[in-house]
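These notes are about the structure you will find just below.
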Amino acid sequence: MRPTSYASYLRLPNLLAAQDPTTPRDDAGTWVAERFFIVCHQTTELWLSQVLLELDHAARCAEESSDWPGTRTSLMRAASIVLLLTHHLEQLIYLPRDRFLRFRPALEGISGAESEQMRELFVVGLGRHAHVRTIEVSLDQALARAGMRTPHALGACGHDECATAGALGALMEGVTNWRRLHARITRYFIGGRRGTGGTAGADYLDERLGGLPDTAAPEARRRAAQ
84 MRPTSYASYL
94 RLPNLLAAQD
104 PTTPRDDAGT
114 WVAERFFIVC
124 HQTTELWLSQ
134 VLLELDHAAR
144 CAEESSDWPG
154 TRTSLMRAAS
164 IVLLLTHHLE
174 QLIYLPRDRF
184 LRFRPALEGI
194 SGAESEQMRE
204 LFVVGLGRHA
214 HVRTIEVSLD
224 QALARAGMRT
234 PHALGACGHD
244 ECATAGALGA
254 LMEGVTNWRR
264 LHARITRYFI
274 GGRRGTGGTA
284 GADYLDERLG
294 GLPDTAAPEA
304 RRRAAQ
C-alpha cells in the first residue's frame, strides 16, 4: 500500500509509542533516563537488523555472481553501521549512573544476551558467522584466480577483490572495537555487580573478549572510508 504521509511511511505512531519505562512518571529524572536507555537499545536492534541484511546480501553477491563491487558496498555499509553503533554506545555516558542504578532492579532476569541479533554478531563472534565464512571462501577463490595468495594493501591496487577484503576487515575490526567498548561501559555502570541476566557481569564480558586483537577504531574508520 502506498504511504499517504511521512508518518505513515515510517510508521511513526507505532515507533514513538514503543518506549515504556518501568519508572513511574512522577520520578521525571529517572523516567527520562530510562527512556533514553530504552531508545539506545531499540535503535541498536534496528541497526543490527540492517547489518545482518547487508551480510546476507554481501554473501549472495560473492557466492552467486562474484559481484565484488556489490559485496564491497554492502560490507562498507555494514562497517559504517557498526562504527555508528560504537558512537551510539558512547552516548550512554550521558546516562547518570545513579539514575541507571535506580531502574536497574526492574531489569533483573533479563539480559541483552537474549537478543538473537546481538548474539549472532557480537557474542558468538563475527569470524564464525556463516555469511562471513561464505565471503571469505569466495574471496580466497577469486584471489587465487587472479594469481594472488593474499589481498593487496588498501589503496595499493585497483582490484575489486582486494577492496572487498579491506571492507570485510574493517567490519570485523569494528565489531571487535564495539565489544571492547561495551565491556568497558558495562564495568563503568555496574562495577563488580552480577549481570541482570545472571552472568558475572563485566567479568563475563571481559572473559568473552579473551584473545581478541586490541584494534583501534580510527583504523576501522579509515578502512571503511576507502
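The sequence shown begins at 84 in our numbering and counts up by one. The beta-carbon is built from N, C-alpha and C at its ideal position, and this holds for glycine as well. Remember, it's a predicted structure, so these values are computed and weren't measured experimentally.
Return helix, strand or coil for residue i, following the three-state DSSP convention.
{"i": "residue 193", "result": "coil"}
{"i": "residue 309", "result": "Only weak support exists for where residue 309 lies, its pLDDT of 38 falling under 50; the coordinates are left without a value."}
{"i": "residue 257", "result": "helix"}
{"i": "residue 265", "result": "helix"}
{"i": "residue 249", "result": "helix"}
{"i": "residue 210", "result": "helix"}
{"i": "residue 107", "result": "coil"}
{"i": "residue 84", "result": "coil"}
{"i": "residue 202", "result": "helix"}
{"i": "residue 270", "result": "helix"}
{"i": "residue 95", "result": "helix"}
Short of 7 Å in beta carbon distance, which residues of its chain neighbour residue i, apart from the five on each side in sequence? Order them along the chain.
{"i": "residue 198", "result": "128"}
{"i": "residue 175", "result": "123 and 268"}
{"i": "residue 164", "result": "130, 133 and 134"}
{"i": "residue 229", "result": "242 and 244"}
{"i": "residue 101", "result": "125"}
{"i": "residue 200", "result": "128, 131, 132 and 135"}
{"i": "residue 121", "result": "102 and 104"}
{"i": "residue 148", "result": "none"}
{"i": "residue 109", "result": "none"}
Which residues mark the beginning and the end of the alpha helix (DSSP H) in which residue i is found?
{"i": "residue 167", "result": "151-173"}
{"i": "residue 123", "result": "111-148"}
{"i": "residue 100", "result": "No alpha helix (DSSP H) holds residue 100; DSSP gives it neither H nor E."}
{"i": "residue 218", "result": "213-228"}
{"i": "residue 236", "result": "Element bounds for residue 236: n/a, residue is neither H nor E."}
{"i": "residue 184", "result": "180-186"}
{"i": "residue 88", "result": "First-last for residue 88: undefined, no H or E at that position."}
What number of angstroms, rounded off, separates the C-alpha of residue i from the C-alpha of residue j?
{"i": "residue 181", "j": "residue 194", "result": "20 Å"}
{"i": "residue 214", "j": "residue 97", "result": "32 Å"}
{"i": "residue 131", "j": "residue 161", "result": "9 Å"}
{"i": "residue 126", "j": "residue 239", "result": "37 Å"}
{"i": "residue 231", "j": "residue 222", "result": "11 Å"}
{"i": "residue 236", "j": "residue 251", "result": "13 Å"}
{"i": "residue 224", "j": "residue 179", "result": "51 Å"}
{"i": "residue 275", "j": "residue 140", "result": "41 Å"}
{"i": "residue 144", "j": "residue 153", "result": "6 Å"}
{"i": "residue 190", "j": "residue 196", "result": "13 Å"}
{"i": "residue 150", "j": "residue 138", "result": "14 Å"}
Who are the near neighbours of residue i in its chain, counting only those whose CB is closer than 6 Å to its CB and skipping five residues on each side?
{"i": "residue 301", "result": "Only weak support is given to the placement of residue 301: the predicted model assigns it a pLDDT of 39, under 50, and the value that follows is read from those uncertain coordinates. Taken in chain order, the list of residues that qualify is empty."}
{"i": "residue 158", "result": "141, 250, 251 and 254"}
{"i": "residue 117", "result": "104, 106 and 186"}
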